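Numbering (the working numbering), first residue to last: 3 to 432. Yeah, the Cβ is synthetic: ideal placement off N, Cα and C, and Gly gets one too. Quick caveat, the model's predicted, so the values are computed rather than measured.
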Amino acid sequence: MAKTFAAGIEIPHYKEQTEELPVRELPLPHELIIPLRQHIGAPNRRLVSVGERVKAGQILGQSDAFVSAPVHTGLSGTVREIGMRQTLTGVQEECVVIDVDPVQEPVSWPEESLEELSRETILERIKNAGVVGMGGAAFPTHVKVNPTVPIDTVILNGCECEPFLTCDHRLMLEAGEEILAGARVLSKVLGGARVIFGVEENKADAIEKLSALLEKEKGMEIVPLAVKYPQGAEKQLIYATTGRVVPTGKLPSEVGVVVQNVATAQAVADAVLKQKPLTERIVTLTGPAAAGPGNYRVHVGTPVSHIIAATGGLKEEAAKIVVGGPMTGWAQSDLSAPVVKGSGGILALTAEITLTREEYLPCVRCGKCVEHCPMFLYPNYIGIYSERGRHDLAREWGAANCFECGICAYVCPAKRPMIDFVRASKRAAT
Ligand code: SF4
Ligand code: SF4
Numbered sequence: 003m004a005k006t007f008a009a010g011i012e013i014p015h016y017k018e019q020t021e022e023l024p025v026r027e028l029p030l031p032h033e034l035i036i037p038l039r040q041h042i043g044a045p046n047r048r049l050v051s052v053g054e055r056v057k058a059g060q061i062l063g064q065s066d067a068f069v070s071a072p073v074h075t076g077l078s079g080t081v082r083e084i085g086m087r088q089t090l091t092g093v094q095e096e097c098v099v100i101d102v103d104p105v106q107e108p109v110s111w112p113e114e115s116l117e118e119l120s121r122e123t124i125l126e127r128i129k130n131a132g133v134v135g136m137g138g139a140a141f142p143t144h145v146k147v148n149p150t151v152p153i154d155t156v157i158l159n160g161c162e163c164e165p166f167l168t169c170d171h172r173l174m175l176e177a178g179e180e181i182l183a184g185a186r187v188l189s190k191v192l193g194g195a196r197v198i199f200g201v202e203e204n205k206a207d208a209i210e211k212l213s214a215l216l217e218k219e220k221g222m223e224i225v226p227l228a229v230k231y232p233q234g235a236e237k238q239l240i241y242a243t244t245g246r247v248v249p250t251g252k253l254p255s256e257v258g259v260v261v262q263n264v265a266t267a268q269a270v271a272d273a274v275l276k277q278k279p280l281t282e283r284i285v286t287l288t289g290p291a292a293a294g295p296g297n298y299r300v301h302v303g304t305p306v307s308h309i310i311a312a313t314g315g316l317k318e319e320a321a322k323i324v325v326g327g328p329m330t331g332w333a334q335s336d337l338s339a340p341v342v343k344g345s346g347g348i349l350a351l352t353a354e355i356t357l358t359r360e361e362y363l364p365c366v367r368c369g370k371c372v373e374h375c376p377m378f379l380y381p382n383y384i385g386i387y388s389e390r391g392r393h394d395l396a397r398e399w400g401a402a403n404c405f406e407c408g409i410c411a412y413v414c415p416a417k418r419p420m421i422d423f424v425r426a427s428k429r430a431a432t
């Protein structure tokens, strides 16, 4: 039986629409809107001015703080504006708006050999390239791979357990060699740690491809995992692949593990071997209301509206546009908001498959949320106390340990907006 973790749920996958569609390029956007902060950590100060010409790969903003990541433009153009713009999470951030040159000069990134690079050089290049976790968390990678405790295991996360998303699946099929190059870099920077690829069993072709690549690699293996949500969450993935339990409130490094998404591994290879900054990613555009579903290579800073329009628009009135996965993503009110480093999907959803939260009910104490919570919390109490404004009690029931997987909201028969409750209590603590 395939390995997995306790609790969690089996949910419909909805991946058929795009899982067999190879990655395609999009026409160039007319503008890029690049938020100066796309990571967890200190904000960047801007390094460019309005009217300035910028080249592809040029840095736009950085910070001297250790926990930070610079941002770059992937396309040349002219800075039209610098100001506050709405981002995908609904928060306003300072953005550099670039009028993109309609014709782009090709840029080459010559490759170097990993053997010649020291640990310090590797860390510096990962930081300089602005690499952050591309599975959504956007934590700066140079910080994560430079822990203060020994690490013996790197887990590369290829689970992609959220419904609809297929960008990591396609990446594993189409860029397995680059992911493997990133795995070698991560192993080296972490002192020769072994590497485990964790991939859900519903991606049999990716497992086959990676297994073939790993045949001659020492210290690397692939672990097929049961198809269950949230199999790709850090603590659940660590338990499923190694049997190690990360204590409540602690980081994976506590048990000698670093977890990186497979797309991040590819970005690490680009950063270290080519000194290429992180300026693009694969985005899955899908959902019943999407006219041109597929997996697209997208420049960071591309407005969501451009991606939808360039792929044929919407087939019918979309009830909701969500960026990210349906369980953890963000519903959008302004489609001019740009794709950032951690954005893996754009979902154009119709009313039939969208939960409406307008008239949710009081908790009926069915216990389903408690039964399925992968963190073994009592989401019902967190919700009740948060709703009453007793965020202190919501936190006593563990709101801070919730990683917002969305299962409690998904299973709740009263359609209670559990993630909103959790987020309100977390915000009240800051
Ligand atoms: S309380 Fe948090 S971790 Fe538990 S099911 Fe709900 S969203 Fe997931
Ligand atoms: S699933 Fe909903 S109704 Fe059931 S106990 Fe949890 S919050 Fe209450």
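At least one heavy atom of ligand 2 lies closer than 7 Å to the C-beta of R418. Distance from the Cα of T352 is smallest, within the candidate group V69, E21, T288 and S345, for T288. Residue range M420 to A430 is occupied by the alpha helix (DSSP H) that includes D422. The closest CA to that of P142, considering only R392, S427, D422 and A71, is found on A71. Apart from sequence neighbours up to five positions away, no residue of its chain approaches R390 with a beta-carbon distance below 7 Å. For P142, the pairing in a beta bridge is given by DSSP as V134. As a beta-bridge residue in DSSP terms, T288 pairs with L349.
Excluding five sequence positions before and after G132, the CB atoms of its chain that fall closer than 7 Å to its own CB belong to A71, P72, V73, H74, P279 and L280, given in chain order. Your pair V151 and S78 does not check out as a contact, with CB atoms roughly 43 Å apart and the cut at 8 Å. Residue range G296 to H301 is occupied by the beta strand (DSSP E) that includes Y298, with no alpha helix (DSSP H) assigned at that position. P29 places its beta carbon 8 Å or farther from that of A350.
Secondary structure at A44: coil, using DSSP grouped into helix, strand and coil. For V225, the enclosing beta strand (DSSP E) starts and ends at M222 to L227. Secondary structure at M174: helix, using DSSP grouped into helix, strand and coil. Between Q233 and V156 the beta-carbon gap is near 18 Å, outside 8 Å, which marks them as no contact. A Cβ-Cβ distance of about 5 Å is found for the pair L167 and G346, placing them in contact under the 8 Å criterion. In this structure, the C-beta of V248 stays at least 7 Å away from each heavy atom of ligand 1.
The Cβ-Cβ distance between K57 and A242 does not fall below 8 Å.
Here DSSP, grouped into helix, strand and coil, assigns R127 to helix. At a threshold of 7 Å, C407 counts as near ligand 1, since its beta carbon sits closer than that to one of the ligand's heavy atoms.
The residues I42 and G344, in chain order, have a CB closer than 8 Å to that of A139 in the same chain once the five nearest residues on each side in sequence are set aside. According to the DSSP assignment, K237 belongs to the alpha helix (DSSP H) that extends over E236 to T244.
Under DSSP, L158 takes part in a beta bridge, and its partners are F199 and Q262.
Take V264, set aside five residues on each side of it, and the residues of its chain with a beta-carbon closer than 7 Å to its own are L158, N159, G160, D170, L173, M174 and I181, in chain order. For E373, the enclosing alpha helix (DSSP H) stretches over residues K370 to H374. Taken through DSSP and simplified to helix, strand or coil, H393 comes out as helix.
Taking the Cα positions, P290 is about 8 Å away from K317. Apart from sequence neighbours up to five positions away, the residues of its chain that approach Q94 with a beta-carbon distance below 8 Å are M86, R87 and Q88, ordered along the chain. Counted as a single uninterrupted DSSP element, the beta strand (DSSP E) harbouring C97 occupies residues Q94 to V102.
Per DSSP, E210 is one residue of the alpha helix (DSSP H) stretching across A206 to L216. Across the set N382, E219, N130 and A402, the C-alpha of N382 shows the shortest separation from the C-alpha of V413. A contact is defined here as three or more CB-CB pairs under 8 Å, and the region 421-429 meets this definition with respect to the region 384-398. Residue pairing by DSSP places K252 in no beta bridge whatsoever. K205 is the residue among K230, E83 and K205 whose C-alpha sits nearest the C-alpha of I224. In chain order, T20, L167, T168, C169, N297 and G347 place their CB closer than 6 Å to the CB of T286, counting only its own chain and leaving out the 5 sequence neighbours on each side. The region 207-215 makes no contact with the region 185-196, as fewer than three CB pairs between them are under 8 Å.
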